[in-house]
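Please read the structure below before turning to the comments.
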Amino acid sequence: MRFRDSSMTRSEPSAVPAAVSGGRRRHRGAAGDSVFHVAVWAAACFVLAVLAAIIIFLAWRAVPALRADTANFWTTTRWLPDNTPPAFGVAALAFGTFLSAALALVIAVPVALGTALFATEYASPRVGPWLGYLVDLLAAVPSVVYGLWGLYWLVPHLTPVQHGLARTLGFIPLFSDPRGVTAQPSRSIFAVSLILAVMIIPIIAAVSREIFLQVEPGLREAALGIGATRWDMIRLAVLPVSRFGLFGAVMLGLGRALGETIAVALVLGSSFSIDFHLLIPGKNTIAANIATQFAEAGPTGRSALIASGLVLFVMTIVTALLARFIIRRSGAQERSAIV
Amino acid sequence: MTASSLLAASKIQRRTRSRLVSGTMSLLIAGAFLLAAVPLFLVVGYTLSRGVTHFSWIFFSHSLAGVPPSQPGGGIAAATIGTIEQVGIATLVSVPLGLAAAIYLAEYGVGTRFAGAVSFLVDVMTGVPSIVAGLFVYAFFVISLHRGFSGLAAALALSILMLPVVIRSSQDMLAAVPTSLREAGYALGLRRWRVIAFIVLPTARSGLVTGVMLAVARVCGETAPLLLTAFDNAYINTNPLHGQQSALPLVIFNQAQQAYQPAVDRAWAAAATLILAIVTLYITARLLARRRVGGKSG
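So the sequence lines, in the order shown, correspond to chains A and B. Using this note's numbering, the final residue of the first sequence is 340, and nothing's skipped along the way. Using this note's numbering, the final residue of the second sequence is 1482, and nothing's skipped along the way.
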C-alpha cells in the first residue's frame, strides 16, 4: 500500500490506462507495476543495509581483540596485538592520519581553489569544462601508481628540498632534523602529504567549480559594472557567497585524505611515534597500517586491525556526512567524472 | 583645486594598485592550475616510460610462479585473469543493483523523504575508504561465512565501491530524460514499469553505459581492498569462487616493495599496463558520451 502512496506524489499516470483497458489486463499490469516498484525500492534499501552491515560486522569482529588488549586502546602508541599478552592502541596511528591529512589540505586547498577559479572565472566557457576534465583525470590514476611514483621518483627528487628546508628552517621544530637524516632520500610525512595533496586536488577542485558556477552571474556583472578588477570581483562577489560550500568541498577532500591507504603504505617509512617532525622518515596512518600488517597478522592481530578500521570508518563517515550536508545546503552537486 | 587634484592622484594610485593586485592574483591562479596539471603528466609520463620498456611476450603470457624477486622474467598473466574476473563480477553485481536503486530515486521516490535520505547516504557512501570496504568483506564474507580468500570476495569489496558511483551517475542520466517522453508513453496506455523499461532506459542508454565504464575505470586500480580479500597468488587461478587470486594492483604493490631491481621493473611494467587499460576505458567512455550529445542534436 505504501508503494502506491509514494508514487502518488507525482501525477498518477497509471490511472489513465486503467480506465481505458479491460479488467483482466488491468489486473496483470498492476501486478507488474507493484513488483517492479518493490524491486527498485528494495535496491534503494540495500544501500542503507550495506552501510549498517559495515558498522555491525566491523564492531563484532573487533570485540575479541579489544577484550584481549592489555593496554588502553585510545592512548597507547604501541601496536603489538599478537604479543602475549596483546598490547596495542590507535593513538600514534590516529595522530599520523590526522597530521598527514591536515598537511595535505594545507597544500591542496590553495591549488584546488586556484584551479577551480581558473576554470570558472578566467577560462572561456567553452574551454573551462575541458580544463576540468583534465584535472579530473588526476583522480583516475590509481593510488598504487601514485605510491610507486612517490617511492621511486618523488622521494629521491625531494631530497634537496627536504634537506634545504631542514637546514634553513630547522630552528622551527616542524622542520628540524635532529638525527641528520634528510641528506638521504627521506620517506617522510611531508613527502606523503604532497602525494595526498595531488590525489585530493581533483575532488576539491571539482566541487568548488560547481559551487562557483552556482554564484549568480548578476553579482559578477554588478561588481564589474562598478569598476572592480577581476580579482576584486572574485574577492567581493564570488568568494563570500560560496564560502560555506567551499568548506564542504574541503571537508570532502579531508575525508579522502584520511582514508587513503596504498600511496601512504608505499611511501611512508613507518614507525609508531607521536612527534611533529615532518621531514624525517616515520609515523604511520590507520589505513596504511592495516594494509602493511594484515598479511602477517595472527587472529588477534587481524581483529585489532578491524578495530582500528572501525575507528577510521567512523572518522571518515562523520567527515563525509558533514561535507555532503554542507554541499547540499549550498545547492551544488558533484558532477565530476560523469559526462 | 589642490584638494581635488590630490584626490584624483590618490584615486589613480589606488586604481593602479588594485590593477597590480588583480594581475598578480591572475598569475597565481593560472599558476595554481598549471601546478595541478603538472603531476598528471609527470606521473603518467614517468610510469609509461619506465614500464613500456619492460613489456615483452613473456611478461603478458606468464605468471610469477617460481620467479624470485632478484631475477628477471615472469609476468602478469595470473594478475590479468584475476583483475578481469574480479572487476567483471563486481560490475555484474553493482550494475543491476545500482540501476534499480537509481530508478527508484529518479522515477518513484522523487520528492519523498526516504528517497532524499537514500540519495544523501549514497553520496556519503562514496566517502567510504576502500580499505574499509575490504575489511568489511573480510569480516563478513571471508571469516564469518567461512568462504576464505577468493576472487569473489575481492569482487564484493569492489562492488561496494562501485555501487554509489553507478547509482549517482545513473540517477543523473535518468533525471535528464525529458518528462514529455514519459508522458507520451502514458498517453499510449503503457504501464509505469513499461514506460521505464522501454522508453526511459533506452533513451538514457549511452549515458548509463558511460557512467558504468567510468565506475569500472575507477575500481580496476583499487589495491587496498584486494589485500584483504584476494590475498594475491603467484600461480594462475582461473576460479574466482575458490582460492587466493592475483590482481594487477596487487602485483604492483608487492613487486614495488622488493629490494631488487627486476621486481621493481615488473612493478613499473604492470603499472603501465594498468594505466593504459584505464586510459582506454576513459577515452571510450567520453567518446560514447559525445556521440550521445551529437545524436540528440541531429
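No residue lacks a Cβ here, since even glycine has one placed at the ideal position from N, Cα and C. The model shown is predicted, which means the values in this text are computed figures rather than measured ones.
For residue i, three-class secondary structure by DSSP
| i | result |
| --- | --- |
| L1425(B) | coil |
| A192(A) | helix |
| W75(A) | coil |
| F172(A) | coil |
| Y153(A) | helix |
| F1333(B) | coil |
| F277(A) | coil |
| F1239(B) | coil |
| G226(A) | helix |
| G1229(B) | helix |
| L1471(B) | helix |
| T1387(B) | helix |
| A1360(B) | coil |
| C1404(B) | coil |
| V162(A) | helix |
| S1247(B) | coil |
| G97(A) | helix |
| V1420(B) | In the sequence as displayed, the identity of residue 1420(B) is Ile instead of Val. If DSSP states are grouped into helix, strand and coil, I1420(B) belongs with coil. |
| A1193(B) | helix |
| R180(A) | coil |
| P1348(B) | helix |
| Y1466(B) | helix |
| T1200(B) | helix |
| D34(A) | helix |
| S272(A) | coil |
| G1215(B) | helix |
| G1300(B) | helix |
| A50(A) | helix |
| Y123(A) | helix |
| D1307(B) | helix |
First through last residue of the alpha helix (DSSP H) which encompasses residue i
| i | result |
| --- | --- |
| W150(A) | 144-150 |
| G249(A) | 240-260 |
| I1268(B) | 1261-1287 |
| Y1292(B) | Where Y1292(B) is concerned, there is no enclosing alpha helix (DSSP H), given that its DSSP letter is neither H nor E. |
| F314(A) | 300-330 |
| P1513(B) | No answer is possible for residue 1513(B): it lies beyond the span of chain B, which begins at 1185 and ends at 1482. |
| I1315(B) | 1314-1321 |
| I263(A) | 263-268 |
| D137(A) | 129-141 |
| R1375(B) | No alpha helix (DSSP H) holds R1375(B); DSSP gives it neither H nor E. |
| Q294(A) | 287-294 |
| D233(A) | 231-234 |
DSSP bridge partner residues for residue i (one or two, in chain order)
| i | result |
| --- | --- |
| P282(A) | S189(A) |
| W80(A) | F89(A) |
| F1415(B) | Q1429(B) |
Integer Cβ distance of residue i from residue j, believed to fall under 8 Å
| i | j | result |
| --- | --- | --- |
| L106(A) | G246(A) | Going by Cβ atoms, the distance from L106(A) to G246(A) rounds to 16 Å, so no, they are not a contact pair. |
| G1257(B) | I1242(B) | 6 Å |
| A1290(B) | T1394(B) | Wrong, their Cβ atoms sit about 16 Å apart, outside the cutoff. |
| A1414(B) | Q1429(B) | 5 Å |
| I281(A) | S209(A) | Wrong, their Cβ atoms sit about 33 Å apart, outside the cutoff. |
| V1350(B) | V1396(B) | 6 Å |
| I196(A) | A264(A) | 5 Å |
| S59(A) | L1319(B) | Here residue 59(A) is Leu; the residue named in the question, Ser, does not match the sequence. Going by Cβ atoms, the distance from L59(A) to L1319(B) rounds to 6 Å, so yes, they are a contact pair. |
| N285(A) | G151(A) | Not a contact, Cβ separation roughly 16 Å. |
| F314(A) | I55(A) | 7 Å |
Specify whether the stretch 1352-1370 of chain B and the stretch 1447-1461 of chain B touch according to this definition: at least 3 beta carbon pairs, one from each stretch, less than 8 Å apart. Contact between the stretch 1352-1370 of chain B and the stretch 1447-1461 of chain B is absent: fewer than 3 CB-CB pairs across the two stretches fall below 8 Å.
Can we say the stretch 1341-1349 of chain B touches the stretch 1397-1413 of chain B, given the rule of at least three CB pairs closer than 8 Å? yes
Quick check: the stretch 146-158 of chain A against the stretch 173-193 of chain A, are there 3 or more CB pairs under 8 Å? yes
Within 8 Å, do at least three Cβ pairs link the stretch 101-120 of chain A to the stretch 201-214 of chain A? yes
Pair every Cβ in the stretch 1411-1429 of chain B with every Cβ in the stretch 1263-1271 of chain B, then say whether three or more of these pairs are closer than 8 Å. Touching, yes.
Using 8 Å as the cut-off, can you tell me whether the stretch 227-237 of chain A makes contact with the stretch 1201-1220 of chain B, which would need three or more C-beta pairs spanning the two stretches below that distance? Judged by Cβ distances under 8 Å, the stretch 227-237 of chain A makes contact with the stretch 1201-1220 of chain B, as three or more pairs qualify.
Using 8 Å as the cut-off, can you tell me whether the stretch 77-89 of chain A makes contact with the stretch 164-182 of chain A, which would need three or more C-beta pairs spanning the two stretches below that distance? Because the criterion of three Cβ pairs below 8 Å is not met, the stretch 77-89 of chain A and the stretch 164-182 of chain A do not touch.
Do the stretch 1394-1409 of chain B and the stretch 1223-1238 of chain B touch if we need at least three Cβ pairs shorter than 8 Å? no
Are the stretch 1460-1474 of chain B and the stretch 1293-1310 of chain B touching by the rule of at least three beta carbon pairs closer than 8 Å? At 8 Å Cβ cutoff, the stretches do not touch.
Mind the definition here: the stretch 315-322 of chain A touches the stretch 259-269 of chain A only if three or more C-beta pairs lie below 8 Å; say whether that holds. yes
Examine the Cβ distances between the stretch 1304-1316 of chain B and the stretch 1382-1393 of chain B and report whether three or more of them are shorter than 8 Å. Judged by Cβ distances under 8 Å, the stretch 1304-1316 of chain B makes no contact with the stretch 1382-1393 of chain B, as fewer than three pairs qualify.
contact_flag[the stretch 1427-1441 of chain B, the stretch 1273-1287 of chain B] where n(CB pairs < 8 Å) is 3 or more: no
So, does the stretch 302-314 of chain A touch the stretch 64-72 of chain A, judging by three or more C-beta pairs under 8 Å? The count of Cβ pairs closer than 8 Å, one atom from the stretch 302-314 of chain A and one from the stretch 64-72 of chain A, reaches three, so the stretches are in contact.
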